[in-house]
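Heads up: the structure comes next, in structure tokens.
Numbering (UniProt numbering), first residue to last: 1 to 294.
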């Protein structure tokens, strides 16, 4: 599935746990190819320290200077930071996923002088997304039981709602959506779809090994939590003692019935996204790579 090159910047908002770490690792190797379409990718660490954190997460006393451009408006920027719509611990609320996501993206774009022609968002089935997000939160935040973490009602789990909010906040931008389930082995194809380049412009690179948490590690952490506070050192020790290996059970917090409900909610949400494609005449578009499940 090809896509024509667009004007304006590309603002990639994640989401968390949708293959973003590996996708980001491919971009530095494609700087020359990106330059052919007048795109400049700013590295994640630099962009966060200069823009995301001072604008959104730890507002500075002084105004942030917009991204530099020449008199012609060049370069176009490719900005890729999943912390723009929310820090990982703030993704869930009682009312929505990424409840402030559109507002944060708009605030950052205005302050940094980003003019998105295209906004990119990855989505993922709720039955796997929520446990993965929980494990990510445990790496950096005070321990919270899964029951305490998982506070978004089933009826409020909706990617289509977030997509509609982003489309309203950026009425002139294309909203490009991909499913994490379609991504493995097709990362270069996705980057080509987003940028208008060819898949061969994004050579494969060694990916980070991120096995997730084992069920035994989560059980051990919850047992410690019943005895008292759990420190980051406790988390590290439990992960070391109960690693996620091919022979170990992955963390799975759901009964079968609940897992079916979450998968159904995702399937219905995808139908809403497909309806948005039609109603917006593909201003909102869902990536459909060759060979992926429909």
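Glycine residues also receive a C-beta, built at the ideal position from the N, C-alpha and C atoms.
{"Query": "Counting beta carbon pairs with one atom in the region 71-85 and one in the region 134-143, are three or more of them shorter than 8 Å?", "Result": "no"}
{"Query": "Less than 7 Å separating the beta-carbons of residue 39 and residue 69?", "Result": "no"}
{"Query": "Thinking just about the alpha-carbon of each residue, which of 89, 119, 265, 37 is nearest to the one in residue 285?", "Result": "119"}
{"Query": "Among all the DSSP beta bridges, which residues are the ones paired with residue 214?", "Result": "250"}
{"Query": "Please look up how many angstroms separate the CB atoms of residue 152 and residue 97, rounded, as I've assumed it's under 8 Å.", "Result": "7 Å"}
{"Query": "Decide yes or no for the touch test of the region 255-271 against the region 146-164: beta carbon pairs closer than 8 Å, at least 3 of them.", "Result": "yes"}
{"Query": "Under three-state DSSP, which class holds residue 158?", "Result": "coil"}
{"Query": "Would you tell me roughly how many angstroms separate the C-alpha atoms of residue 254 and residue 71, rounded to the nearest one?", "Result": "55 Å"}
{"Query": "On the CB-based measure, 16 or more other CB atoms within 10 Å of its CB, does residue 281 come out buried or exposed?", "Result": "exposed"}
{"Query": "My assumption, with CB atoms under 8 Å, is that residue 27 sits in contact with residue 16. Please give the rounded CB distance.", "Result": "Not confirmed; about 18 Å, so no contact."}
{"Query": "Taking DSSP's pairing of strands, which residues face residue 151 in a bridge?", "Result": "Paired residues: none, contrary to the question."}
{"Query": "Where do the N-terminal and C-terminal ends of the alpha helix (DSSP H) with residue 193 fall, by residue?", "Result": "187-195"}
{"Query": "Is the distance from the Cβ of residue 179 to the Cβ of residue 212 below 7 Å?", "Result": "no"}
{"Query": "Which residues in the same chain have their Cβ closer than 7 Å to the Cβ of residue 51, if we skip the five residues on either side of it in sequence?", "Result": "64, 108, 112"}
{"Query": "Between which residues of its own chain and residue 224 is the CB-CB distance below 6 Å, once the five residues before and five after are set aside?", "Result": "230, 234"}
{"Query": "For the alpha helix (DSSP H) containing residue 286, list its first residue and its last residue.", "Result": "No alpha helix (DSSP H) holds residue 286; the beta strand (DSSP E) holding it covers 284-286."}
{"Query": "With DSSP as the reference, label residue 76 as helix, strand or coil.", "Result": "strand"}
{"Query": "Taking Cβ to Cβ, would you say residue 102 is nearer than 7 Å to residue 165?", "Result": "yes"}
{"Query": "Rounded to a whole number of angstroms, what is the C-alpha to C-alpha distance between residue 169 and residue 175?", "Result": "11 Å"}
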